[in-house]
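Throughout the sequence shown, residue numbering follows this note's numbering, covering 2 to 541 in sequence. Built from N, CA and C at the ideal position, the CB exists for glycine as well. All of these numbers come straight from a predicted model, not from anything done at the bench.
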Amino acid sequence: MCRSHPAAPVPTQGHLLQNHWGCATAASPPWAVRAAAAPCARGAGPGRAGPAGWGRREPDTPPRRRSASPARRSAGGRAPLSMAAAAGRARRGARLSAAALLALPALALLALPALPPGRGGAGGGGEAQPGSSPPLLLPPGLREELRQRRRDLRRLEAAGGGEAAATEGGLGCGDLSRATAVSVLGWGFTKVVARAALAGGGTVALKSVHGAGREVRRCVQRYGAPAGCRRLAAYKLLKEVTLLQRLQHPGIVKLHGQCYDNSGDDELRVTAMLELGSPLEMIQLLQTPWEERFKICLSLVKLLFYLAHSPLGSIVLLDFQPRQFVMVDGNLKVTDMDDASTEELSCKEDNDCTLDFPTRSFPLKCSVVGKCEGINEKKNLFNAYRYFFTYLLPHSAPPALRPLLSDILNATGDLRYGINETLRAFEKVLHLYKSGLYLQKRPPLLKDYIALKGFRTVEGEDYKCWPSYSHLGCLLSIHSAEEAAAICNSQLQCQSFIVTQHRTWTGRPLASFQSSWTDLIPDADAVVYIKRSASSRERL
């Protein structure tokens with residue numbers, strides 16, 4: 002069985018993907034990271050030895066020198082790859098881009114003496130105790146910040162039932178070691194995210210600490226302790242993993258697994274393996290049909306309702322921005338939870354409970370238990386209003402629904418609604434839309450159309466309308482053929498329409514509106530509706 006130990010770093014210029022894995026294996030992945038599957042446990046948590054993730058060494062952290070004795074080489078397998086060798090293997094195997102090699106930051110180095118009891122070497126249940134290295138000497142201010150984050154992590158674990166709440170059967174260090182085709186997707190203040198292909202099929206997002214990110218750099222400028230600052234940032238990733246293990250909702254990105262390594266050198270390296278999504282592009286959303294934009298807003302309201310009543314208490318997303326969300330199979334999901342908080346603001350009187358935003362302030366009540374009532378829920382809701390509702394809800398909505406949508410906008414913008422009332426208002430709009438009860442009563446319009454059963458028009462480019470489900474023509478969601486007739490009457494170019502077999506997420510069919518009806522082909526399941534006036538002109 003291969004003993005897990007840190008591989009010697011490769012001295013290079015600039016930022017380079019480093020070997021942070023414990024042991025080499027015969028089936029090492031073709032990117033410049035190695036792992037040994039033997040010490041890994043599937044879904045292993047902190048305190049279980051196993052290979053760590055991938056990363057690069059910070060430029061302000063000098064590489065540690067280790068002897069390359071035969072004994073050390075035999076214990077750890079082959080020596081780390083050189084840059085040339087790593088690049089060669091990447092070209093032959095996985096599609097690891099040059100940008101990934103240059104931009105992939107290092108994983109957090111979380112020293113074990115700073116970990117809470119039950120994590121790392123302490124109380125590991127028979128595992129090797131890496132107590133030979135002395136604890137880092139850190140400035141008092143940094144030590145206090147580390148203690149606070151440890152307390153937050155312990156409190157989350159206790160509220161969620163501890164390690165027993167972790168998902169069984171998830172991905173672990175062995176799966177990570179065999180991942181290929183790693184490419185960087187992006188990075189923020191604290192973390193870097195990469196895409197990777199799993200050996201068994203499928204893709205995941207890999208999330209780790211951004212060793213050269215703004216949070217670490219600011220901490221280093223303040224305290225002058227790079228290792229301690231990386232450890233501080235790593236607690237945010239551990240907190241996010243803990244939250245994702247305990248919060249299960251369709252609006253929260255799934256945690257597929259995690260890999261922790263505390264092997265041999267008093268360091269813990271963390272990689273989270275998450276559901277892969279695409280970034281939320283607000284400009285693209287504004288060009289989509291209203292029904293799809295309403296779905297985004299409804300999904301967000303359902304998520305905020307869950308967060309307000311979660312098993313951990315009321316949760317606020319402190320960094321509430323569209324960039325914290327992704328789209329997965331057409332569904333909105335929050336992907337960044339490290340800045341979420343279950344703490345509600347403490348108070349002694351109502352004056353302590355003012356909820357401030359750049360353009361608005363809201364006075365709240367101080368409860369008898371000394372907490373600002375509903376402050377987390379209301380902060381989430383107002384952020385949803387100003388970042389999502391104002392842009393996505395009103396534009397191109399069905400005219401009969403606009404007064405209801407305007408009420409929602411006004412009530413959430415003034416915080417007259419809580420999340421319960423907001424969800425009820427959204428569900429009312431959805432019911433009216435799906436049932437067709439929003440349609441205004443009018444004389445029948447289908448009598449002005451000829452129905453040709455067993456035919457459909459040839460698919461091809463035609464006149465455009467907005468917002469259409471197709472960029473080639475005018476494809477809209479309808480409740481019935483009667484509503485389609487009303488739409489066709491309102492468009493000068495429309496001469497015919499066909500109700501397709503395609504359905505939207507609400508179950509409504511899509512209708513294709515066209516400027517002619519002459520190109521017909523047989524289709525037993527289709528019906529073409531042609532304006533009588535157009536048919537008369539064609540016969541003439």
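TODO: Determine, using beta carbons only, whether Ala-398 and Arg-457 come nearer to each other than 8 Å.
DONE: As a working note, residue 398 is residue 397 in the sequence shown. As a working note, residue 457 is residue 456 in the sequence shown. No.
Open item on the list: Taking the alpha carbon of Trp-506 as the reference point, which residue from Val-193, Glu-293, Lys-237 has its own alpha carbon closest?
Closed with: Counting from one through the sequence shown, the residue named residue 506 turns up at place 505. Minimum Cα distance to Trp-506 is reached at Glu-293.
Open item on the list: Rounded to whole angstroms, what is the Cα-Cα separation between Ala-485 and Val-500?
Closed with: If you number the sequence shown from 1, residue 485 lands on position 484. If you number the sequence shown from 1, residue 500 lands on position 499. Using only the alpha carbons, I get a separation of about 8 Å.
Task: Identity of the residue in Ala-482, Leu-424, His-472, Ser-516 nearest Leu-493 by Cα - done: Within the sequence shown, numbered from 1, the residue matching residue 493 stands at position 492. When only C-alpha atoms are compared, the closest one is Ser-516.
TODO: Pull up the distance between the alpha-carbon of Lys-454 and that of Leu-477, whole angstroms please.
DONE: Position 453 of the sequence shown, counted from the start, is the residue given in the question as residue 454. Position 476 of the sequence shown, counted from the start, is the residue given in the question as residue 477. Between Lys-454 and Leu-477, the alpha-carbon positions lie close to 21 Å from each other.
- [ ] Answer yes or no: do Val-317 and Asn-377 have a C-beta to C-beta separation smaller than 8 Å?
- [x] To locate residue 317, count along the sequence shown from 1; it is residue 316. To locate residue 377, count along the sequence shown from 1; it is residue 376. Going by beta carbons, Val-317 and Asn-377 fall inside the 8 Å limit.
Open item on the list: For a test of the three-state rule: what should DSSP assign to Met-338, helix, strand or coil?
Closed with: For this step, residue 338 is matched to residue 337 along the sequence shown. Three-state result, Met-338: coil.
Open item on the list: Rounded to whole angstroms, what is the Cα-Cα separation between Cys-220 and Ala-226?
Closed with: Locating residue 220 in the sequence shown gives position 219, counting from the first residue. Locating residue 226 in the sequence shown gives position 225, counting from the first residue. C-alpha separation (whole angstroms): 8 Å.
Open item on the list: Using 8 Å as the threshold, is the C-beta distance between Leu-356 and Arg-232 below it?
Closed with: Within the sequence shown, numbered from 1, the residue matching residue 356 stands at position 355. Within the sequence shown, numbered from 1, the residue matching residue 232 stands at position 231. For the pair Leu-356 and Arg-232, the CB atoms are not nearer than the 8 Å cut-off.
Open item on the list: Please return the same chain residues whose Cβ sits closer than 8 Å to the Cβ of Lys-379, not counting the five positions on each side in sequence.
Closed with: Position 378 of the sequence shown, counted from the start, is the residue given in the question as residue 379. Leu-356, Phe-363, Leu-365, Leu-416, Gly-419, listed in sequence order.
Task: Start and end residues, beta strand (DSSP E) containing Arg-504 - done: Residue 504 sits at position 503 when you count from the first residue of the sequence shown. Run containing Arg-504: 497–504, per the beta strand (DSSP E) assignment.
Task: Exposed unless 16 or more other CB atoms sit within 10 angstroms - verdict on Ile-522 - done: Along the sequence shown, one-based indexing puts residue 522 at 521. That one is exposed.
Task: Backbone CA spacing between Pro-140 and Ala-228 [nearest angstrom] - done: Walking along the sequence shown from the start, residue 140 turns up at place 139. Walking along the sequence shown from the start, residue 228 turns up at place 227. Whole-angstrom Cα-Cα distance: 12 Å.
- [ ] Just confirm the distance between the C-beta atoms of Asp-339 and Leu-238, as a whole number of angstroms; I'd bet it's less than 8 Å.
- [x] Counted from its first residue, the sequence shown places residue 339 at position 338. Counted from its first residue, the sequence shown places residue 238 at position 237. The C-beta distance from Asp-339 to Leu-238 rounds to 7 Å, short enough to fall under 8 Å.
- [ ] Would you list the one or two residues that DSSP bridges to Ile-451?
- [x] On the sequence shown, residue 451 is found 450 positions in, with the first residue counted as 1. DSSP, once it has assigned bridges, lists Ile-531 as partnering Ile-451.
TODO: Have a look at Lys-435 and Pro-290 and give me their C-alpha separation to the nearest angstrom.
DONE: What you label residue 435 is simply residue 434 of the sequence shown in a count that begins at 1. What you label residue 290 is simply residue 289 of the sequence shown in a count that begins at 1. Between Lys-435 and Pro-290, the C-alpha separation is close to 15 Å.
Task: Where Arg-270 sits in the DSSP three-state scheme - done: Your numbering for residue 270 matches position 269 in the sequence shown. Secondary structure of Arg-270 (DSSP, three-state): strand.
- [ ] Measuring alpha carbon to alpha carbon, tell me which of Ser-534, Gly-437, Lys-448, Glu-483 ends up nearest Gly-508.
- [x] Locating residue 508 in the sequence shown gives position 507, where the first residue counts as 1. Nearest in C-alpha terms to Gly-508, of all of Ser-534, Gly-437, Lys-448, Glu-483, is Gly-437.
TODO: Check Phe-295 in the structure and name its three-state DSSP category.
DONE: The sequence position of residue 295 within the sequence shown is 294, counting from 1. In the structure shown, Phe-295 sits in a helix (DSSP, three-state: H, G or I).
Task: Backbone CA spacing between Cys-373 and Leu-244 [nearest angstrom] - done: Start at 1 with the first residue of the sequence shown, and residue 373 comes out as number 372. Start at 1 with the first residue of the sequence shown, and residue 244 comes out as number 243. C-alpha of Cys-373 to C-alpha of Leu-244: approximately 23 Å in a straight line.
TODO: Assign Ile-284 to one of two classes, buried (16 or more other C-beta atoms within 10 Å of its C-beta) or exposed (fewer than that).
DONE: Sequence index remark: in the sequence shown, residue 284 carries index 283 (1-based). Classification of Ile-284: exposed, given that the 10 Å Cβ count is below 16.
Task: Ser-342 versus Gly-371 - alpha carbon distance - done: Numbered from 1 along the sequence shown, position 341 holds the residue referred to as residue 342. Numbered from 1 along the sequence shown, position 370 holds the residue referred to as residue 371. If I take the Cα positions, the gap works out to 17 Å.
Task: Contiguous beta strand (DSSP E) assignments of at least 3 residues, all confined to the region 340–376 - done: Secondary structure in the region 340–376: the beta strand (DSSP E) runs of 3 residues or longer, each lying completely within the stretch, are 355–357, 362–364 in chain order.
Open item on the list: Run through the DSSP bridge pairs and tell me what Cys-260 is partnered with.
Closed with: Position 259 of the sequence shown, counted from the start, is the residue given in the question as residue 260. According to DSSP, Cys-260 bridges with Thr-272.
- [ ] Going by CA-CA distance only, name the one from Arg-156, Leu-207, Ala-180 that's closest to Lys-240.
- [x] Looking up residue 240 in the sequence shown gives position 239. With distances taken between Cα atoms, Lys-240 lies closest to Arg-156.
- [ ] Under the assumption that Ser-311 contacts Leu-402 (Cβ atoms under 8 Å), give the Cβ distance between them as a whole number of angstroms.
- [x] To locate residue 311, count along the sequence shown from 1; it is residue 310. To locate residue 402, count along the sequence shown from 1; it is residue 401. Contact doesn't hold; Cβ gap of about 31 Å is too wide.
- [ ] Check whether the region 200–208 touches the region 174–188, taking contact to mean three or more Cβ pairs, one atom from each stretch, closer than 8 Å.
- [x] Touching, yes.
TODO: Evaluate Thr-191 with the Cβ neighbour count: other Cβ atoms within 10 Å of its Cβ, from every protein chain shown; 16 or more gives buried, anything less gives exposed.
DONE: To locate residue 191, count along the sequence shown from 1; it is residue 190. Note on Thr-191: 16 or more other CB atoms within 10 angstroms of its CB, so buried under the neighbour-count rule.
Task: Under the three-state DSSP convention, the category Ile-522 falls into - done: Locating residue 522 in the sequence shown gives position 521, where the first residue counts as 1. Assignment of Ile-522 by DSSP, reduced to helix, strand and coil, places it in the strand class.
- [ ] Return the chain-ordered list of same chain residues with a C-beta closer than 7 Å to the C-beta of Lys-296, the five sequence neighbours on each side being excluded.
- [x] For the purposes of this step, residue 296 is taken as the residue at position 295 of the sequence shown. The answer, listed in chain order, is Trp-506.
Task: Where Ser-513 sits in the DSSP three-state scheme - done: One-based indexing of the sequence shown puts residue 513 at position 512. Looking at Ser-513 - three-state DSSP - the assignment turns out to be strand.
TODO: Note down, in chain order, each residue of its chain lying with its Cβ closer than 6 Å to the Cβ of Pro-60, except the 5 sequence neighbours on either side.
DONE: If you number the sequence shown from 1, residue 60 lands on position 59. For Pro-60, the predicted structure reports a pLDDT of 37, less than 50, and the residue's modelled location is therefore unreliable. A value from the coordinates is still provided. Answer for Pro-60: no residue qualifies.
Task: Contact under 8 Å by Cβ, Glu-276 with Val-210 - done: For the purposes of this step, residue 276 is identified with residue 275 of the sequence shown, where counting begins at 1. For the purposes of this step, residue 210 is identified with residue 209 of the sequence shown, where counting begins at 1. Between Glu-276 and Val-210, the C-beta spacing is not below 8 Å.
Open item on the list: So the candidates are His-503, His-480, Cys-475; which of them puts its Cα closest to the Cα of Ser-497?
Closed with: If you number the sequence shown from 1, residue 497 lands on position 496. If you compare the alpha carbons of His-503, His-480, Cys-475 with that of Ser-497, the shortest gap goes to Cys-475.
- [ ] Using a threshold of 8 Å, state whether the C-beta atoms of Thr-391 and Leu-406 are closer than that.
- [x] Locating residue 391 in the sequence shown gives position 390, counting from the first residue. Locating residue 406 in the sequence shown gives position 405, counting from the first residue. Not in contact: Thr-391 and Leu-406 (Cβ atoms no closer than 8 Å).
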